[in-house]
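Q: Numbers given in my numbering equal positions in the sequence shown, counted from 1, plus 26. Note that the Cβ used here is the ideal one computed from N, Cα and C, for glycine as well. A quick note: this is a predicted structure, and the numbers were derived from the prediction, not measured.
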Amino acid sequence: MYEYVLKLIDNGKDEVFIKEFRKIVNELSNDDVVKLFTKSKIVKIMINNNLFFSNLDIISKKINAGYIKTFIEIMARFNKDYIISNKYELFNYYFSYYFYREYIDFCTNNFNSSIIDIINYIKDNKITLKTNDLMSYLISHGYEYIVETNIDMFINNSGALMDLKKDIDKLKINIDKDEVIDKINNRMDNNLDIVLMEIISTRFDYQEFEKEKILPYLKRIIYELCIEEKVNYHDIKYVSGGDFSSCFKIGSKFFKIGDKRRTFYIKNNKRFLQPLRREEIKTLDDEFMFCLEINEEVDTKNITDEDVYQVYKELRNQGIVWTDPKKSNLGRLLKDNKVYFDGVDYVDMTGTGFLTGIDYSLKVGDLVIIDTDFIYDEDDLDYLNHATNLWTYFEQRYQEEKFMKDIKNR
Numbered sequence: 027m028y029e030y031v032l033k034l035i036d037n038g039k040d041e042v043f044i045k046e047f048r049k050i051v052n053e054l055s056n057d058d059v060v061k062l063f064t065k066s067k068i069v070k071i072m073i074n075n076n077l078f079f080s081n082l083d084i085i086s087k088k089i090n091a092g093y094i095k096t097f098i099e100i101m102a103r104f105n106k107d108y109i110i111s112n113k114y115e116l117f118n119y120y121f122s123y124y125f126y127r128e129y130i131d132f133c134t135n136n137f138n139s140s141i142i143d144i145i146n147y148i149k150d151n152k153i154t155l156k157t158n159d160l161m162s163y164l165i166s167h168g169y170e171y172i173v174e175t176n177i178d179m180f181i182n183n184s185g186a187l188m189d190l191k192k193d194i195d196k197l198k199i200n201i202d203k204d205e206v207i208d209k210i211n212n213r214m215d216n217n218l219d220i221v222l223m224e225i226i227s228t229r230f231d232y233q234e235f236e237k238e239k240i241l242p243y244l245k246r247i248i249y250e251l252c253i254e255e256k257v258n259y260h261d262i263k264y265v266s267g268g269d270f271s272s273c274f275k276i277g278s279k280f281f282k283i284g285d286k287r288r289t290f291y292i293k294n295n296k297r298f299l300q301p302l303r304r305e306e307i308k309t310l311d312d313e314f315m316f317c318l319e320i321n322e323e324v325d326t327k328n329i330t331d332e333d334v335y336q337v338y339k340e341l342r343n344q345g346i347v348w349t350d351p352k353k354s355n356l357g358r359l360l361k362d363n364k365v366y367f368d369g370v371d372y373v374d375m376t377g378t379g380f381l382t383g384i385d386y387s388l389k390v391g392d393l394v395i396i397d398t399d400f401i402y403d404e405d406d407l408d409y410l411n412h413a414t415n416l417w418t419y420f421e422q423r424y425q426e427e428k429f430m431k432d433i434k435n436r
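Here it is, written out as structure tokens:
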């Protein structure tokens with residue numbers, strides 16, 4: 027393919043190269059893409075036909091961020107106007123990789139821009155900052171006064187308001203922090219879209235959710251949860267991000283959004299924390315998109331390894347194998363093990379993935395499993411592919427106790 031491209035250019039068939047650009051980049055090896063982009067003829071063709079920035083999505087999959095930054099600098103030497111005309115794409119690219127200093131230096135050296143120019147560019151174009159790292163960068167590099175005089179911009183353009191609110195208390199800058207927190211809260215309460223963007227962006231591409239028209243459904247769920255829990259949007263808190271999901275607290279409910287569960291459709295059990303929702307959301311083409319889970323709050327303090335083993339043993343006696351038995355996956359009930367919503371306790375089986383019903387025998391203080399991934403029927407030998415060291419230890423202990431009990435009963 028590389029030689030084919032060189033022949034196209036040498037034979038003056040630029041139009042074929044332009045037409046097949048995405049296909050060519052996709053089929054070339056990463057090293058060949060790098061070699062190709064260093065040739066002056068190719069650079070000029072890409073500039074004259076806006077091939078670089080309009081195809082940056084596929085180019086960035088073939089070349090690492092350092093090389094792309096170098097190519098941008100090379101193109102600037104060929105044609106500064108091309109880079110200026112694509113200033114928004116340039117900004118998005120540099121900021122997506124947190125190249126703040128590089129972007130500031132690049133604009134200063136090539137466009138005679140100042141940091142204030144960049145701040146004004148963000149304000150004038152209403153650019154959403156997906157993280158608050160630019161503010162942190164400016165403070166750590168001695169530009170506190172810019173943050174102090176533009177704090178409203180960082181609030182109004184932030185797409186990570188929960189994170190910003192958490193960071194404000196730590197900042198050593200001359201601002202009225204209470205007033206800033208009030209402004210952040212006000213913006214969150216009046217912009218559920220921004221709050222939802224932050225929730226989604228902790229794990230997924232927000233634009234994919236827009237394209238799949240799933241946002242109204244999630245907005246309705248969060249709206250109803252806030253009404254039920256009598257809280258405002260600014261009360262939503264980011265709790266943690268694990269291997270499979272990000273967790274947010276809305277009143278007494280935990281809202282999880284994450285990747286496909288290894289074991290979604292399973293038999294229910296009294297030891298499972300009963301979810302308000304536990305469902306797989308699919309795309310318009312019926313492809314898996316993400317998993318949504320809403321649970322009651324539990325007490326996760328003072329859980330011991332023995333607590334975990336006793337729950338493991340109980341499940342094992344029922345023919346259930348739990349391959350991720352650890353303290354962080356266990357909690358004590360703060361309410362009886364039912365689902366509470368709008369004054370009614372119920373389990374909507376169509377929205378949980380559970381294949382069987384449940385008894386409500388567990389009460390306040392009883393232990394429950396709060397993460398039902400890695401739950402298997404003992405006849406499903408796939409669990410052997412997901413064994414952990416702790417599972418191996420518990421399973422060995424279980425088999426030894428079972429063996430001794432069988433001997434004793436003979």
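Excluding sequence positions up to five away, which residues of its chain have a Cβ less than 8 Å from the Cβ of C133?
A: Taking the sequence shown and counting its residues from 1, one reaches residue 133 at position 107. Here the set comprises S139, D143 and I144.
Q: Just to confirm before moving on: does the CB-CB distance between D362 and K339 stay below 8 Å?
A: Position 336 of the sequence shown, counting from 1, holds the residue named residue 362. Position 313 of the sequence shown, counting from 1, holds the residue named residue 339. No; because the gap between Cβ atoms is not below 8 Å, this pair is not in contact.
Q: Expressed to the nearest angstrom, what Euclidean distance is found between the alpha-carbon atoms of N135 and D193?
A: Within the sequence shown, the letter at position 109 stands for residue 135. Within the sequence shown, the letter at position 167 stands for residue 193. Approximately 31 Å, taken between the alpha carbons.
Q: What is the DSSP secondary structure of M223, counted as helix, strand or coil?
A: On the sequence shown, residue 223 is found 197 positions in, with the first residue counted as 1. Three-state DSSP puts M223 in a helix.
Q: Check whether the Cβ atoms of Y264 and L218 lie closer than 8 Å to each other.
A: On the sequence shown, residue 264 is found 238 positions in, with the first residue counted as 1. On the sequence shown, residue 218 is found 192 positions in, with the first residue counted as 1. No.
Q: Go to D408, then tell me how far its beta strand (DSSP E) extends in each direction, as first and last residue.
A: In the sequence shown, the residue the question calls residue 408 occupies position 382. Run containing D408: none; DSSP gives neither H nor E here.
Q: State the CB to CB distance for the pair I128 and Y120, rounded to an integer number of angstroms; the pair is presumed to be in contact (CB under 8 Å).
A: Taking the first residue of the sequence shown as 1, we reach residue 128 at position 102. Taking the first residue of the sequence shown as 1, we reach residue 120 at position 94. A small fix is needed here, since residue 128 is Glu in this sequence, not Ile. Indeed they touch by this definition, with Cβ atoms about 6 Å apart.
Q: Excluding the 5 residues flanking V370 on each side, which residues of the same chain have their C-beta closer than 8 Å to its C-beta?
A: Position 344 of the sequence shown, counted from the first residue, corresponds to residue 370. Interpretation of V370 is limited by its pLDDT of 38, a score under 50 that renders its predicted location unreliable; no figure is taken from the coordinates.
Q: When you compare the CB positions of N81 and F47, do they come within less than 8 Å of one another, or not?
A: Taking the sequence shown and counting its residues from 1, one reaches residue 81 at position 55. Taking the sequence shown and counting its residues from 1, one reaches residue 47 at position 21. Against a cut-off of 8 Å, the Cβ pair of F47 and N81 comes out as a contact.
Q: Taking its Cβ as the centre, do 16 or more other Cβ atoms sit within 10 Å of Y419, making it buried, or is it exposed?
A: Stepping through the sequence shown from its first residue, residue 419 is reached at position 393. Exposed.
Q: Evaluate N295 with the Cβ neighbour count: other Cβ atoms within 10 Å of its Cβ, from every protein chain shown; 16 or more gives buried, anything less gives exposed.
A: For the purposes of this step, residue 295 is taken as residue 269 along the sequence shown, with counting starting at 1. By the neighbour-count rule (16 or more Cβ atoms within 10 Å), N295 is buried.
Q: Under 8 Å Cβ to Cβ from I85, same chain only, skipping five residues before and after it: list those, please.
A: Counted from its first residue, the sequence shown places residue 85 at position 59. Only V51, V59, F78 and I94 meet the Cβ criterion.
Q: With DSSP run on the structure shown, which of helix, strand or coil describes Y169?
A: Here residue 169 refers to the residue found at position 143 when the sequence shown is read from its first residue. Y169 falls in the coil class under three-state DSSP.
Q: Please classify T376: is it buried, with 16 or more other beta-carbons within 10 angstroms of its beta-carbon, or exposed?
A: In the sequence shown, residue 376 corresponds to position 350, counting from 1. With a pLDDT of 46 at T376, under the threshold of 50, the predicted position of this residue should be treated as unreliable, though the coordinate-derived value follows. Classification of T376: exposed, given that the 10 Å Cβ count is below 16.
Q: Using the Cβ count rule (16 or more neighbours within 10 Å means buried), how would you classify F281?
A: Here residue 281 is taken as the residue at index 255 of the sequence shown, counted from 1. By the 10 Å Cβ count, F281 comes out buried.
Q: From D432 to E426, what does the alpha carbon distance come to, in whole angstroms?
A: The count along the sequence shown starts at 1 and reaches residue 432 at position 406. The count along the sequence shown starts at 1 and reaches residue 426 at position 400. When rounded, the distance between both Cα atoms is 10 Å.
Q: Going by other Cβ atoms of all chains shown within 10 Å of its Cβ, with 16 needed for buried, is F5 buried or exposed?
A: Since the displayed the chain opens at 27 and closes at 436, residue 5 lies outside it and no answer follows.
Q: Just curious, the alpha helix (DSSP H) that G38 is in, first and last residue?
A: Start at 1 with the first residue of the sequence shown, and residue 38 comes out as number 12. That residue, G38, is in no alpha helix (DSSP H); it is neither H nor E in DSSP.
Q: Does DSSP classify G345 as helix, strand or coil?
A: Within the sequence shown, numbered from 1, the residue matching residue 345 stands at position 319. Of the three classes helix, strand and coil, the one that applies to G345 here is coil, per DSSP.
Q: Just the Cα atoms here: how many angstroms apart are D195 and N343?
A: Here residue 195 is taken as the residue at index 169 of the sequence shown, counted from 1. Here residue 343 is taken as the residue at index 317 of the sequence shown, counted from 1. The straight-line gap from Cα to Cα measures roughly 50 Å.
Q: With a CB to CB cut of under 8 Å and the five nearest residues on each side skipped, what residues in its chain are close to E205?
A: The residue labelled residue 205 in the question sits at position 179 within the sequence shown. Taken in chain order, the list of residues that qualify is empty.
Q: Between M161, F137, S266 and K149, which lies nearest to F125 when the distance is taken from Cα to Cα?
A: Numbered from 1 along the sequence shown, position 99 holds the residue referred to as residue 125. Taking only the C-alpha atoms, the option nearest F125 is M161.
Q: Please state whether the Cβ-Cβ distance between K353 and V324 is less than 8 Å.
A: Numbered from its first residue, the sequence shown carries residue 353 at position 327. Numbered from its first residue, the sequence shown carries residue 324 at position 298. Contact flag unset, no.
Q: Assuming the contact rule is C-beta atoms closer than 8 Å, N355 and I395 should be a hit. Round their C-beta distance to whole Å, please.
A: Here residue 355 corresponds to residue number 329 of the sequence shown, with the count starting at 1. Here residue 395 corresponds to residue number 369 of the sequence shown, with the count starting at 1. With 8 Å as the limit, N355 and I395 qualify as a contact, their Cβ atoms being about 6 Å apart.
Q: Mind checking whether V337 and Y409 have CB atoms under 8 Å apart?
A: Here residue 337 corresponds to residue number 311 of the sequence shown, with the count starting at 1. Here residue 409 corresponds to residue number 383 of the sequence shown, with the count starting at 1. Contact flag unset, no.
Q: Can you give the Cα-Cα distance for G168 and E174, rounded to whole angstroms?
A: Locating residue 168 in the sequence shown gives position 142, counting from the first residue. Locating residue 174 in the sequence shown gives position 148, counting from the first residue. If I take the Cα positions, the gap works out to 12 Å.
Q: I need the straight-line Cα distance from P351 to W417, nearest angstrom please.
A: For the purposes of this step, residue 351 is taken as residue 325 along the sequence shown, with counting starting at 1. For the purposes of this step, residue 417 is taken as residue 391 along the sequence shown, with counting starting at 1. Cα-Cα distance, rounded: 6 Å.
Q: G345 to D403, Cα distance in whole Å?
A: For the purposes of this step, residue 345 is identified with residue 319 of the sequence shown, where counting begins at 1. For the purposes of this step, residue 403 is identified with residue 377 of the sequence shown, where counting begins at 1. Spanning the two alpha carbons is a distance of roughly 6 Å.
Q: Out of F235, E238, N258 and G284, state which residue places its alpha-carbon closest to the alpha-carbon of N216.
A: As a working mapping, residue 216 is identified with position 190 in the sequence shown. The option with the nearest alpha carbon to N216 is N258.
Q: Suppose the cutoff is 7 Å on Cβ atoms and the five residues either side in sequence are ignored; what does the same chain contact list for N151 look like?
A: Indexing the sequence shown from 1 puts residue 151 at position 125. Correct list, in chain order: Y114.
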